[in-house]
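Residue numbers (our numbering), protein chains in the order written: chain Y, 1 to 396; chain E, 1 to 64.
Don't be surprised by glycine CBs; every beta carbon is placed ideally from N, CA and C.
These numbers come from a predicted model, not from an experiment.
Okay, so here's the structure we're looking at.
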Ligand SMILES: Cc1cc2nc3c(=O)[nH]c(=O)nc-3n(C[C@H](O)[C@H](O)[C@H](O)COP(=O)(O)OP(=O)(O)OC[C@H]3O[C@@H](n4cnc5c(N)ncnc54)[C@H](O)[C@@H]3O)c2cc1C
Ligand code: SF4
């Protein structure tokens, strides 16, 4: 292998390039990225960068920039597997003998009429800067979507005293963590002055030039000078959609070694995938391929994909048991939220420990009585125990 | 080998504790990770290198 190409210059693309060099690969590595910036870290965007405690430079990914040919500001438009080339938006072709698919996701946008300005999303550095500069002390911010990003932004802005209202059709914030955690998270945010409109949908936005309000489906009008739409993300998969690969909900499907599977179910030895654009079979997902949109998953997949791409299929190893436990963190006010395990699989939640004063909380998620995940608020030691416990594959 | 952690960076993610439990630990209320053994023997190098790679904020340094 002499020509490895990574499409996507996020966490996964960057770590993959580092991993190839660490594994002793000395051929060419090309990273194609449609962004203007060298790879950076996204978690600080809704936290430290928005709060102003980090500069954009401090969001750079840690570690030495590997010896890489950068193709920046260019979008991959098509994957030609027969000729083994990636076609870019300017018509240029990048040939590969090994390929990483790592184009991640973009923010889901509002699909309906919108005012010309004032409605934002948050996924990259430019989004964050634009949203930040729209906010002043008198801003009335409405956040559509009470997921992790919506809640983190609410917390960051409330610390500065900015008016924040959060709307979601779900009955409680961060619904993936279940109702027990959701109710407690709502109480923490409300105590900090966040207003919620839960169980209620958005009908549309008011204002022509600039947004002036958000109209809810039940008719209520929320005054707004700035709106953040934080309703999830969509995979950047258009460029390989016609390449005959196995797809699941618009992400590419791999086996447990990060090797991409083709539409007929066969592994494609020269193509691996990692991060938010990829699904792989998880032992708590009933063996079905699942896409885990967490930082640690992009890290672990990219590290493994780099090592495996250099090996023949028969020698490739699957995700390590510890790496296969999805972990997630989120910082809101003085609450460090951490999760371990595959929360979406849970059918019941149990509170194991709670101290509303601190505040701290420990909740287990079970499926058919089997532990599948845990969530902790300010209980950093306990969650590590769960990480270890969940690393052992479920008895089958 | 000497191990140091940049306490300004550490966000107590605990990935290092999973990778190298003999070297790092976290108490329930800790704001930064504890180093149990700051000058470990060579037998721990593999686990510590793994911890360095896992840390989401690259807070861990190995000298020597
Ligand atoms: C605001 C925010 C906060 C977050 N906070 C946390 C957190 O606290 N904890 C946590 O675990 N996770 C968090 N995440 C999720 C985490 O950042 C992602 O899981 C991680 O970024 C995935 O990395 P990736 O490399 O797979 O994808 P991405 O980071 O999405 O990188 C993909 C790259 O590919 C580029 N690209 C896309 N299409 C093309 C194309 N056709 N051609 C060329 N380039 C292309 C994109 O522009 C991008 O640069 C957060 C995400 C966001 C947005
Ligand atoms: S992994 Fe990094 S951030 Fe997490 S506890 Fe260890 S040193 Fe701190």
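Item: Proximity test, Cβ basis, 9 Å: residue 382 (chain Y) and chain E; Value: yes
Item: Alpha-carbon spacing of residue 233 (chain Y) relative to residue 106 (chain Y), whole angstroms; Value: 5 Å
Item: Sequence ranges, alpha helix (DSSP H) only - wholly within the segment 3-32 of chain E, length at least 4; Value: 15-19
Item: Reference residue 112 (chain Y); option with closest CA among Y:62, Y:93, Y:190, Y:215; Value: Y:215
Item: Proximity test, Cβ basis, 9 Å: residue 299 (chain Y) and chain E; Value: yes
Item: Three-state secondary structure assigned by DSSP to residue 35 (chain E); Value: strand
Item: Chain-order list of residues whose beta-carbon lies under 6 Å from that of residue 176 (chain Y) (same chain, five-residue window excluded); Value: 343
Item: Distance between beta carbons of residue 182 (chain Y) and residue 172 (chain Y), contact taken as under 8 Å; Value: 3 Å
Item: Within chain Y, the residues that residue 26 (chain E) reaches when beta carbons sit closer than 9 Å; Value: 380, 381, 384
Item: Limits of the unbroken beta strand (DSSP E) element including residue 98 (chain Y); Value: 98-101
Item: Contact with chain E by residue 336 (chain Y), beta-carbon distance below 9 Å; Value: yes
Item: Chain E contact residues for residue 387 (chain Y), given Cβ-Cβ distances below 8 Å; Value: 14, 18
Item: As assigned by DSSP and simplified to three states, the class of residue 63 (chain E); Value: strand
Item: DSSP state of residue 254 (chain Y) mapped onto helix, strand, coil; Value: strand
Item: Residue 154 (chain Y) burial status per 10 Å Cβ neighbour count (16 or more: buried); Value: buried
Item: Inter-stretch contact (C-beta, 8 Å, three-pair minimum) for the segment 253-273 of chain Y and the segment 309-324 of chain Y; Value: yes
Item: Three-way DSSP call (helix, strand, coil) for residue 332 (chain Y) in this model; Value: strand
Item: Interface flag, residue 58 (chain E) vs chain Y, CB-CB below 9 Å; Value: yes
Item: Proximity to residue 62 (chain Y) [Cα-Cα], best of Y:350, Y:44, Y:79, Y:211; Value: Y:44
Item: Strand pairing of residue 338 (chain Y), partner residues [DSSP]; Value: Y:329, Y:376
Item: 7 Å Cβ cut-off: residues of chain E touching residue 322 (chain Y); Value: 18
Item: Short CB-CB distance (under 9 Å) between residue 54 (chain E) and chain Y; Value: yes
Item: Element boundaries [alpha helix (DSSP H), containing residue 52 (chain E)]; Value: 45-54
Item: Heavy atom of ligand 1 within 8 Å of residue 295 (chain Y) beta-carbon; Value: yes
Item: heavy atom of ligand 1 below 8 Å from residue 7 (chain Y) C-beta; Value: yes
Item: CB contact flag (residue 3 (chain E), residue 38 (chain E), <9 Å); Value: yes
Item: Residues near residue 369 (chain Y) in its chain [Cβ-Cβ closer than 8 Å; skip 5 each side]; Value: none
Item: Residue-level contact to chain E via CB, residue 275 (chain Y), 9 Å cutoff; Value: no
Item: At least 3 beta-carbon pairs within less than 8 Å: the segment 362-379 of chain Y vs the segment 4-20 of chain E; Value: no
Item: Check: residue 13 (chain Y) C-beta below 8 Å from any heavy atom of ligand 3; Value: Annotation note on ligand 3: not contained in the displayed structure, which lists ligand 1 and ligand 2 as its ligands.
Item: Assumed close pair residue 229 (chain Y), residue 119 (chain Y) - CB separation to whole angstroms, cut-off 8 Å; Value: 6 Å
Item: First through last residue of the beta strand (DSSP E) which encompasses residue 162 (chain Y); Value: Where residue 162 (chain Y) is concerned, there is no enclosing beta strand (DSSP E), given that its DSSP letter is neither H nor E.
Item: heavy atom of ligand 1 below 8 Å from residue 349 (chain Y) C-beta; Value: no
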